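There are 2 protein chains.
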Amino acid sequence: MHTFLPKRMYRFRFFISLIVAILVISICSVSDAADPLPSWNDGQAKERIIAFVAEVTKEGGPNYVPSEDRIATFDQDGTTWVSHPIYAQAVFALDRVRELAPKHPEWKDEEPFKSVIAGDREAMTKFGESDWEIIIAATHTGMSTEDFEKIVKQWISNAKDPRWHRPYTELVYQPMIEVMDYLRANGFKTYVVTGGGQEFVRVYAQSVYGIPPEQIVGSSVLTKYEYRDGKPILLREPKVFFIDDKAGKAIGINLFIGKRPYAAFGNSTGDREMLEWTQAGDGKRLMMLVYHDDKEREYAYGPAGGLPDTHVGTFSQALMDEAKKNGWIVISMKNDWKRIFKFE
Amino acid sequence: MHTFLPKRMYRFRFFISLIVAILVISICSVSDAADPLPSWNDGQAKERIIAFVAEVTKEGGPNYVPSEDRIATFDQDGTTWVSHPIYAQAVFALDRVRELAPKHPEWKDEEPFKSVIAGDREAMTKFGESDWEIIIAATHTGMSTEDFEKIVKQWISNAKDPRWHRPYTELVYQPMIEVMDYLRANGFKTYVVTGGGQEFVRVYAQSVYGIPPEQIVGSSVLTKYEYRDGKPILLREPKVFFIDDKAGKAIGINLFIGKRPYAAFGNSTGDREMLEWTQAGDGKRLMMLVYHDDKEREYAYGPAGGLPDTHVGTFSQALMDEAKKNGWIVISMKNDWKRIFKFE
Numbered sequence: 036m037h038t039f040l041p042k043r044m045y046r047f048r049f050f051i052s053l054i055v056a057i058l059v060i061s062i063c064s065v066s067d068a069a070d071p072l073p074s075w076n077d078g079q080a081k082e083r084i085i086a087f088v089a090e091v092t093k094e095g096g097p098n099y100v101p102s103e104d105r106i107a108t109f110d111q112d113g114t115t116w117v118s119h120p121i122y123a124q125a126v127f128a129l130d131r132v133r134e135l136a137p138k139h140p141e142w143k144d145e146e147p148f149k150s151v152i153a154g155d156r157e158a159m160t161k162f163g164e165s166d167w168e169i170i171i172a173a174t175h176t177g178m179s180t181e182d183f184e185k186i187v188k189q190w191i192s193n194a195k196d197p198r199w200h201r202p203y204t205e206l207v208y209q210p211m212i213e214v215m216d217y218l219r220a221n222g223f224k225t226y227v228v229t230g231g232g233q234e235f236v237r238v239y240a241q242s243v244y245g246i247p248p249e250q251i252v253g254s255s256v257l258t259k260y261e262y263r264d265g266k267p268i269l270l271r272e273p274k275v276f277f278i279d280d281k282a283g284k285a286i287g288i289n290l291f292i293g294k295r296p297y298a299a300f301g302n303s304t305g306d307r308e309m310l311e312w313t314q315a316g317d318g319k320r321l322m323m324l325v326y327h328d329d330k331e332r333e334y335a336y337g338p339a340g341g342l343p344d345t346h347v348g349t350f351s352q353a354l355m356d357e358a359k360k361n362g363w364i365v366i367s368m369k370n371d372w373k374r375i376f377k378f379e
Numbered sequence: 036m037h038t039f040l041p042k043r044m045y046r047f048r049f050f051i052s053l054i055v056a057i058l059v060i061s062i063c064s065v066s067d068a069a070d071p072l073p074s075w076n077d078g079q080a081k082e083r084i085i086a087f088v089a090e091v092t093k094e095g096g097p098n099y100v101p102s103e104d105r106i107a108t109f110d111q112d113g114t115t116w117v118s119h120p121i122y123a124q125a126v127f128a129l130d131r132v133r134e135l136a137p138k139h140p141e142w143k144d145e146e147p148f149k150s151v152i153a154g155d156r157e158a159m160t161k162f163g164e165s166d167w168e169i170i171i172a173a174t175h176t177g178m179s180t181e182d183f184e185k186i187v188k189q190w191i192s193n194a195k196d197p198r199w200h201r202p203y204t205e206l207v208y209q210p211m212i213e214v215m216d217y218l219r220a221n222g223f224k225t226y227v228v229t230g231g232g233q234e235f236v237r238v239y240a241q242s243v244y245g246i247p248p249e250q251i252v253g254s255s256v257l258t259k260y261e262y263r264d265g266k267p268i269l270l271r272e273p274k275v276f277f278i279d280d281k282a283g284k285a286i287g288i289n290l291f292i293g294k295r296p297y298a299a300f301g302n303s304t305g306d307r308e309m310l311e312w313t314q315a316g317d318g319k320r321l322m323m324l325v326y327h328d329d330k331e332r333e334y335a336y337g338p339a340g341g342l343p344d345t346h347v348g349t350f351s352q353a354l355m356d357e358a359k360k361n362g363w364i365v366i367s368m369k370n371d372w373k374r375i376f377k378f379e
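Chains as they are written, first to last, in our numbering: chain B, 36 to 379; chain W, 36 to 379.
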């Protein structure tokens, strides 16, 4: 009995440890299964996402969607990453003007280059569409698609946002990354549908969002098939080919995907038609808009709800009214998001 | 023993049957594994496809390609299905002219409609680009994308080819279907890259080729976001948006896929740049051209190799010379394909 008891005790302890381990694993699994969106606070927005996924994946249910039709589209700037005070791609363009300036001495006296080189922030905030067109042409075209990819890759690995002092690719919204992961885990194919440059976003979308190049729908310039040293290249030309914004988002979705999304996420008037187009389909659809009402942790702008107006990702009162009327879910960054960035 | 022997015999027979069954299953499996392309005759074309797949999928090998980069592009007309004497989509357009004619009495006196309505084959074979533009505008535009889909769906389910008296969707080349299946089984994503209409091909590509709408790259018209009874539609406008032919195929591949193919299949001068663009990438690539040299079982045209000239899927001598120079594999329909159609 002397040797028997300890052995029995040992077995008993082992048994208890096993039970504890099983319990811990079960709790973790239950907690994972119960909360696929841990960076979201409990509330209507989170509930609606989870209810939507449950409905469209329930085989035999009235709103079941076969997996090949499960398409979700995400705007990028202001929806999946920070777009204030100016778009990351605009920062890229301005950085590139300064980098190219030594080769263009005439830019010192030519607007809009002059203000960029002088670092005149006041003047730059007033740049209109034609100024940006000149800047985009000078910085985004005249090279092959392969060279452009290299240039963007280098910039995106080095550039840092002035507020958080982090790469732009870290300024992605963790709650939206969780939504993307959650949708993909439920058979959805996720797309970026951005007013920004298709070839710009393609460079980092796989590593940042887990979204491959063929699932990036964006704005583009014309390309021309040419030869350099006997090898074919695609030369980026200073001519707009497609603007993937506003009605262009519905057009782009039809052109590139050929299927109507079941879920669409945006944050500004540029996303209105994408949400409207999504909702116009049959069955259950999910339309969501990120509302930037968190000055402390990110930015606050509208002008909807009396927040400061902006040209960068405008959320108008008309859009807010339409969202309410149509049942589109407005995500309050302040209230709905427990955590905004992964690094927090 | 009287009852024992029959039972033993029974067991023995059962045992023999089992062995035979296992042998049959094994032989079938081995034969399947050894021949993923049963409709191909043994020869260089078949060997090269199999060798290519083995090389790019061999982990650790010098030509290994990660699965996310395994892109294969297929031209459609003349490459995956019959395109002679005229393209199926052209037949659709002509059928539709006749269907719409009662609503357009003026067409009786207006070319090119007059010849179409009169069934003047001689005149129709002489139609130039501008005639076809008028016909395409009259038959492919002015309706919503959804209505166009319905029209194509109905036509494709009813129309029959005059030679085989079968739906066009049965006139697909079984050897190419096997190549698509074989590539997909080896981690490839397969795309149609066609000079034909993107929205036309999307209607049947899933059921015919196993290729979903988002993997169809083709020519397209402008669409306009509009409202009908308060609901948004995309109206097909009589303006060309993109021509996915010749250099347009390389441009379209970059635009829609954003990755360079590792394998490309074509049959005519319209596919030259797609193959050139494919080959210009690093590592092992597979470029193939279908050569229609089988008058008995399908059609014979070139003019390469002295076959009759044609405007529909021209395989010029210059293309043949380039193929030889660049190591592109020319598939002889007559010699390389054991079976052309599934219904044979």
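C-beta: ideal position from N, C-alpha, C; glycine also. Predicted model, so just to flag it, every value in this text is computed and none were measured.
- Residue environment analysis places W:SER255 among the buried positions, since at least 16 neighbouring C-beta atoms fall within 10 angstroms of its C-beta.
- Contact note: B:ASN289 reaches chain W through THR180, THR258 and LEU269, using a C-beta cutoff of 8 angstroms and chain order.
- Look at W:ILE364 here: in three-state DSSP terms it is strand.
- Membership of W:SER165 in the alpha helix (DSSP H) is indicated by the continuous run 164 to 175.
- Nearest to W:ILE278 by alpha-carbon distance, out of W:TYR99, W:GLU168, W:SER150 and W:ARG83, is W:GLU168.
- Chain order gives the chain W residues near B:ALA285 as TYR260, PRO267 and LEU269, where near means a beta carbon separation below 7 angstroms.
- For B:GLN124, the closest of B:VAL236, B:SER74 and B:VAL91 by C-alpha to C-alpha distance is B:VAL236.
- Contact with chain B is absent for W:ALA107, since none of that chain's Cβ atoms lies less than 8 angstroms from the residue's Cβ.
- Rounded to the nearest angstrom, the gap between the Cα atoms of W:ASP130 and W:PRO210 is 30 angstroms.
- Taking 8 angstroms as the cut-off, the beta carbon of B:ASN76 is found no closer than this to the beta carbon of B:LYS319.
- Shown in chain order are the members of the segment 230 to 256 of chain B whose Cβ falls below 9 angstroms from a Cβ of chain W: GLN233, GLU234, ARG237, GLN241, PRO247, PRO248, GLU249, GLN250, ILE251 and SER255.
- Between the alpha carbons of W:GLN241 and B:ASP144 lies a distance of about 57 angstroms.
- Counting only residues of its own chain and dropping the five nearest sequence neighbours on each side, W:LEU218 has a CB closer than 8 angstroms to the CB of VAL88, ARG105, ALA107, THR225 and ALA298.
- Listed along the chain, the chain W residues whose CB falls inside 8 angstroms of the CB of B:ILE191 amount to none; the nearest CB is some 16 angstroms away.
- Taking 8 angstroms as the CB threshold, B:LYS294 lines the interface with chain W.
- Residue-level contact by beta carbon fails for B:ALA335 and chain W, as no gap is shorter than 8 angstroms.
- In the three-state DSSP reduction, B:TRP142 falls in the helix class (H, G or I).
- Proximity of chain W to B:GLU103 at the Cβ level (cut-off 9 angstroms) is accounted for by GLN241 and PRO247, in chain order.
- Chain-ordered, the chain B residues with CB closer than 7 angstroms to the CB of W:TRP312 read PRO267.
- Look at the segment 208 to 276 of chain B and you find these whole runs of beta strand (DSSP E), each 3 residues long or longer: 224 to 232 and 251 to 263.
- Fully enclosed alpha helix (DSSP H) runs of no fewer than 4 residues occupy 79 to 92 of the segment 59 to 111 of chain W, in order along the chain.
- Residues of the same chain with a CB within less than 6 angstroms of the CB of B:LYS284, apart from the 5 flanking positions on each side, are VAL228, GLU308 and MET309 in chain order.
- Contact check for W:GLN352 and W:ALA339: beta-carbon distance about 5 angstroms, within the 8 angstroms limit, so the pair qualifies.
- With fewer than three CB-CB distances shorter than 8 angstroms, the segment 243 to 250 of chain B does not count as touching the segment 261 to 277 of chain B.
- Positions of the alpha helix (DSSP H) runs, each at least 4 residues long and wholly inside the segment 302 to 338 of chain B, are given as 307 to 314 in order along the chain.
- As DSSP reads the structure, B:PRO202 sits in a beta bridge with B:LYS195.
- The residue among W:LEU324, W:TYR262 and W:GLY253 with its C-alpha nearest the C-alpha of W:ASN289 is W:GLY253.
- The segment 201 to 216 of chain B makes no contact with the segment 153 to 171 of chain B; the number of CB pairs closer than 8 angstroms stays below 3.
- Taking the beta carbon of W:ALA315 as reference, the chain B residues within 8 angstroms of it are LYS266 and PRO267, listed in sequence order.
- The residues ARG295, in chain order, have a CB closer than 7 angstroms to that of B:GLY316 in the same chain once the five nearest residues on each side in sequence are set aside.
- Annotated three-state conformation of B:PHE300 is strand, per DSSP.
- Using beta-carbon distances, B:ALA299 does not count as an interface residue toward chain W, since no partner is under 8 angstroms.
- In the three-state reduction of the DSSP assignment, B:PHE350 falls in the strand class, which pools E and B.
- The beta-carbon of W:ALA282 is placed less than 8 angstroms from the nearest beta-carbon of chain B.
- Taking 8 angstroms as the threshold, the shortest C-beta distance from W:GLU308 to chain B falls below it.
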